[in-house]
Amino acid sequence: MAVHDPASEARWLIEAVSGMDFTEQVLEADALVSQRAVTQLDELLARRSTGEPIQYVLGAWNFCGLDLFVDRRVLIPRPETETVVAHAIAEVQRLGERVGRADPWTGGVTHYAVADLGTGSGAIALALADALPDAEVWATDANEDALHVARANIAATGSSATRIRVASGVWFAAFPDELRGSFLVVVSNPPYIAHGEELPAAVHDWEPHDALFAGPTGLEAIAALLTEATDWLDAAGTLVLELAPHQALTASQMARTLGYAEVLVRQDLAGRDRTLIARKRA
Ligand SMILES: C[S@@+](CC[C@H](N)C(=O)[O-])C[C@H]1O[C@@H](n2cnc3c(N)ncnc32)[C@H](O)[C@@H]1O
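The sequence shown runs contiguously to residue 360 in the numbering used here.
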């Protein structure tokens with residue numbers, strides 16, 4: 079098994095068992111460590127050498143500056159999804175809402191709702207709550223195992239997470255009916271791989287298939303979200319979806335056909351089409 083960045087992985091694993099960050103590891107390179115830490119390190123290395131992704135071995139990963147707990151019940155949050163979150167936050171700002179950390183002394187008042195559908199680890203919902211001080215943030219998933227991980231991450235995060243509401247269900251069916259027509263922005267990184275599409279072994283063999291595979295075409299979840307969102311968004315609301323670059327054209331056409339007033343595609347940090355922005359009002 080080839081490891082892309084062995085030096086960083088070694089540092090992270092040592093940090094996981096010793097609690098020493100990289101600077102401490104350098105400054106205390108001669109320090110003795112306990113037998114327990116050595117045994118633990120051996121166990122983590124054995125797991126890693128089977129091909130298990132480093133994120134699951136560590137049980138933690140960083141997303142938008144937040145340290146999240148991750149295990150095999152959830153997709154590992156990706157850097158390209160951070161760009162999707164950035165577009166969603168920009169969209170909330172465009173719609174006239176405040177962006178920035180909440181004042182810890184006055185926090186707690188929410189006056190609009192946003193949602194992260196298919197929240198997995200809770201990554202997008204937590205990043206939205208962190209950046210949008212006046213938002214009530216809904217986090218949903220159809221997979222109860224994933225929601226356990228999301229709840230653990232929400233419980234472990236600071237005061238912004240108290241504005242997150244968790245709901246279980248298939249896409250918009252997770253919501254109480256009174257929320258129909260109320261969401262300012264809905265974000266989702268849905269499954270968008272087609273059945274039979276080839277994936278790296280580290281992804282295919284380890285990450286949850288209901289987080290990856292959408293159906294025969296790969297566009298099934300995107301189509302469902304584009305269709306249903308028209309009912310659940312506010313009249314000026316926006317749907318922000320992650321997709322694969324080759325889906326951008328078809329998904330944009332779908333959105334226009336469904337009546338979204340303005341449809342944009344934005345690129346990830348590698349310059350590939352990654353985010354679909356579908357606005358009900360231009
Ligand atoms: C690609 S993962 C995204 C996880 C997380 N939002 C992220 O970006 O890292 C897709 C998530 O959608 C959930 N999901 C799949 N089908 C769903 C459905 N029909 N309704 C609700 N959630 C679904 C999966 O359980 C999974 O957690």
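All C-beta atoms, glycine included, are put in the ideal place defined by N, C-alpha and C.
It should be emphasised that the depicted structure is a prediction, and the values quoted were computed from it without experimental measurement.
Length of the line joining the Cα atoms of residue i and residue j
i: GLN133; j: ARG229; result: 18 Å
i: TYR338; j: ALA314; result: 10 Å
i: ALA245; j: LEU153; result: 18 Å
i: GLN113; j: PRO155; result: 33 Å
i: VAL192; j: VAL265; result: 8 Å
i: GLU175; j: THR188; result: 11 Å
i: ARG151; j: PRO268; result: 15 Å
i: LEU290; j: THR197; result: 13 Å
i: THR101; j: SER86; result: 13 Å
i: GLU214; j: LEU257; result: 12 Å
i: ASP351; j: LEU204; result: 24 Å
i: LYS358; j: TYR190; result: 17 Å
i: TRP90; j: ALA166; result: 31 Å
i: ALA107; j: PHE253; result: 53 Å
Integer-rounded CB distance, given that residue j should sit under 8 Å from residue i
i: ALA251; j: ILE271; result: Rounded, the Cβ-Cβ distance is 23 Å, inconsistent with contact.
i: VAL343; j: LEU354; result: 6 Å
i: ASP288; j: ASN221; result: 6 Å
i: LEU347; j: THR159; result: 11 Å between Cβ atoms; not a contact.
i: LEU144; j: ASP212; result: Not a contact, Cβ separation roughly 19 Å.
Assigned exposure category for residue i - 16 Cβ within 10 Å defines buried
i: SER237; result: exposed
i: VAL177; result: exposed
i: HIS82; result: exposed
i: MET79; result: exposed
i: GLY349; result: exposed
i: THR240; result: exposed
i: ASP219; result: buried
Cutoff 8 Å: residue i Cβ touching any chain C Cβ
i: ASP223; result: This model lacks chain C altogether, as it is built from one protein chain only.
heavy atom of ligand 2 below 7 Å from residue i C-beta
i: THR188; result: For ligand 2, the structure offers nothing, since it holds only ligand 1.
Other residues of its chain near residue i: CB distance less than 7 Å, five sequence neighbours each side excluded
i: TRP249; result: LEU195, ALA302, LEU303, GLU306
i: SER330; result: VAL341, VAL343, LEU354
i: GLN325; result: TYR270, GLY296, LEU297, ILE300
Beta-carbon contacts of residue i that lie in its chain and below 8 Å, excluding the five residues immediately before and after
i: ASP99; result: GLU93
i: ALA280; result: GLY129, PRO131
i: PHE147; result: GLY137, ALA138, SER199, VAL227, ALA230, ASN231, ALA234
Neighbourhood of residue i by C-beta distance below 6 Å, restricted to the same chain and skipping five residues each side
i: GLY274; result: none
i: ALA217; result: ASP194, THR197, GLY200, ALA203, ALA228, ILE242, VAL244
i: GLN171; result: VAL177
>> Quick check on the DSSP output: what are the complete beta strand (DSSP E) runs of length 3 or more inside the region 140 to 214, in order along the chain?
In response: 144 to 147, 190 to 195
> Where in the region 217 to 242 do unbroken runs of the alpha helix (DSSP H), each at least 4 residues long, occur, reported from the N-terminal end onward?
Replying inline: 222 to 234
> Which runs of the beta strand (DSSP E) fall wholly inside the region 228 to 314 and span at least 3 residues, in chain order?
Replying inline: 242 to 246, 261 to 266, 291 to 293
>> Just to confirm the assignment: which complete beta strand (DSSP E) runs, minimum length 3, are found wholly within the region 320 to 360?
In response: 340 to 345, 351 to 357
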